[in-house]
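Quick note: the sequence shown uses full-length UniProt numbering, first residue 1, plus one each step.
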Amino acid sequence: MDHVDHILIVDDDREIRELVGNYLKKNGLRTTVVADGRQMRAFLETTPVDLIVLDIMMPGDDGLVLCRELRAGKHKATPVLMLTARNDETDRILGLEMGADDYLVKPFAARELLARINAVLRRTRMLPPNLVVTEASRLLAFGRWRLDTSARHLLDGDGTMVALSGAEYRLLRVFLDHPQRVLNRDQLLNLTQGRDADLFDRSIDLLVSRLRQRLLDDAREPAYIKTVRSEGYVFSLPVEILGDQS
Numbered sequence: 001m002d003h004v005d006h007i008l009i010v011d012d013d014r015e016i017r018e019l020v021g022n023y024l025k026k027n028g029l030r031t032t033v034v035a036d037g038r039q040m041r042a043f044l045e046t047t048p049v050d051l052i053v054l055d056i057m058m059p060g061d062d063g064l065v066l067c068r069e070l071r072a073g074k075h076k077a078t079p080v081l082m083l084t085a086r087n088d089e090t091d092r093i094l095g096l097e098m099g100a101d102d103y104l105v106k107p108f109a110a111r112e113l114l115a116r117i118n119a120v121l122r123r124t125r126m127l128p129p130n131l132v133v134t135e136a137s138r139l140l141a142f143g144r145w146r147l148d149t150s151a152r153h154l155l156d157g158d159g160t161m162v163a164l165s166g167a168e169y170r171l172l173r174v175f176l177d178h179p180q181r182v183l184n185r186d187q188l189l190n191l192t193q194g195r196d197a198d199l200f201d202r203s204i205d206l207l208v209s210r211l212r213q214r215l216l217d218d219a220r221e222p223a224y225i226k227t228v229r230s231e232g233y234v235f236s237l238p239v240e241i242l243g244d245q246s
């Protein structure tokens with residue numbers, strides 16, 4: 001029997017979750033609707049899903065808190081599409097930082113939501129199997145830098161710690177897991193739990209710029225992260241594993 005994608009909708013507005021749930025069901029998806037984080041957690045304890053539609057503005061734990069919780073637990077690989085009534089750039093950045101895969105502002109057309117869900121599912125499954133982010137805790141050395149993947153600390157040659165945001169850490173980790181290999185934006189989108197392609201293209205470029213600043217990498221002649229015209233980015237230095245800390 002062919003797999004039918006199962007979508008979990010988490011929204012405290014009963015009308016919205018029922019309308020969305022019924023529309024997606026009519027378009028060939030399996031749907032479950034819940035009203036808050038407590039119900040979401042209880043459902044996920046027993047039933048795996050293919051994607052979560054998560055409202056940001058909810059009483060109790062809001063969508064950003066729940067997304068961060070999902071990314072830190074056993075459901076970290078499950079795609080998340082966030083809904084919000086606020087078209088605020090800060091929310092978009094926070095959603096990216098928490099690990100959301102897409103973002104849609106209310107009010108929205110159900111048809112657009114369906115298209116975005118299908119696009120996220122398609123991107124999630126497009127990576128070749130050898131492009132995965134490793135999970136072992138290690139000390140990775142490159143150039144004058146070291147990354148402690150257990151503590152998530154970036155250390156310079158003098159042992160001074162440089163703070164990284166969650167998004168910067170994830171992007172650096174992807175590059176270090178795949179050194180000297182060109183990664184296009186779609187691959188970076190998936191490997192860093194990004195957002196929709198058009199927005200994330202700009203977000204990836206911004207994150208690369210911020211990461212270069214952290215690494216004191218000259219954007220005009222970068223030594224670490226090089227731009228490959230019309231293709232993407234490549235981490236140009238070899239990476240040495242100093243120790244497996246798992």
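Glycine included, each C-beta is placed from N, C-alpha and C at the ideal position.
Local conformation of residue i per DSSP, three classes
i, result
"ALA141", "strand"
"GLU240", "strand"
"ARG146", "strand"
"LEU188", "helix"
"GLY166", "helix"
"LEU216", "coil"
"ALA197", "Because the pLDDT at ALA197 is just 43, under 50, the model does not fix this residue reliably, and the value given afterwards should be weighed accordingly. Helix, per DSSP."
"VAL208", "helix"
"VAL182", "coil"
"VAL174", "helix"
Whole-angstrom distance between residue j and residue i, CA atom to CA atom
i, j, result
"LEU206", "ALA85", "25 Å"
"TYR23", "GLY232", "37 Å"
"LEU155", "LYS76", "26 Å"
"VAL33", "SER150", "36 Å"
"PRO222", "ALA100", "29 Å"
"LYS25", "PHE108", "17 Å"
"ALA110", "ARG116", "10 Å"
"ARG170", "GLY157", "21 Å"
"ALA167", "GLY28", "34 Å"
"ALA35", "ALA119", "25 Å"
"THR47", "ILE225", "40 Å"
"LEU83", "LYS74", "22 Å"
"VAL208", "LEU215", "10 Å"
"GLN245", "LEU140", "Note on GLN245: pLDDT 48, under 50, position unreliable in the model; the coordinate value appears next. Distance between the alpha carbons of GLN245 and LEU140 is about 11 Å."
"ASP13", "THR78", "23 Å"
"PRO59", "LEU164", "30 Å"
"LYS106", "GLU15", "13 Å"
"LEU44", "ILE7", "12 Å"
Spatially closest choice to residue i from the options, by CA coordinates
i, options, result
"ARG144", "GLU240, ARG71, GLU112, SER203", "GLU240"
"SER203", "ARG138, LEU140, ASP102", "ASP102"
"SER230", "LEU191, ARG185, TYR224", "ARG185"
"ASP177", "PHE235, LEU164, LEU54", "PHE235"
"LEU104", "LEU147, LEU171, VAL53", "VAL53"
"ARG122", "ALA110, PHE142, ASP50", "ASP50"
"LEU242", "ASP148, VAL228, ASP218, MET58", "ASP148"
"THR192", "GLN213, GLY159, LYS106, VAL80", "VAL80"
"VAL228", "VAL182, ARG125, SER209, GLY60", "VAL182"
"GLY37", "PHE175, GLU18, LEU216, ARG68", "ARG68"
"residue 257", "ASP13, GLU45, VAL65, PRO238", "Outside the shown range of the chain, which is 1 to 246, sits residue 257, and nothing can be said about it."
"ASP61", "LEU188, ARG152, VAL10, LEU19", "VAL10"
Any chain B beta carbon closer than 8 Å to residue i
i, result
"ALA85", "Absent here is chain B; the protein component of the structure consists of one chain."
Whole-number beta carbon distance between residue j and residue i, since they are thought to touch under 8 Å
i, j, result
"ARG30", "ASP5", "7 Å"
"LEU172", "LEU211", "6 Å"
"ARG71", "MET40", "Not confirmed; about 14 Å, so no contact."
Residue i beta carbon near the ligand MN (any heavy atom closer than 7 Å)
i, result
"GLY37", "The model depicted lacks the ligand MN and carries no ligand whatsoever."
Can you give, in chain order, each stretch of the alpha helix (DSSP H) that sits fully within the UniProt domain "Response regulatory" (6-121) and has at least 4 residues?
14-26, 37-46, 63-72, 89-98
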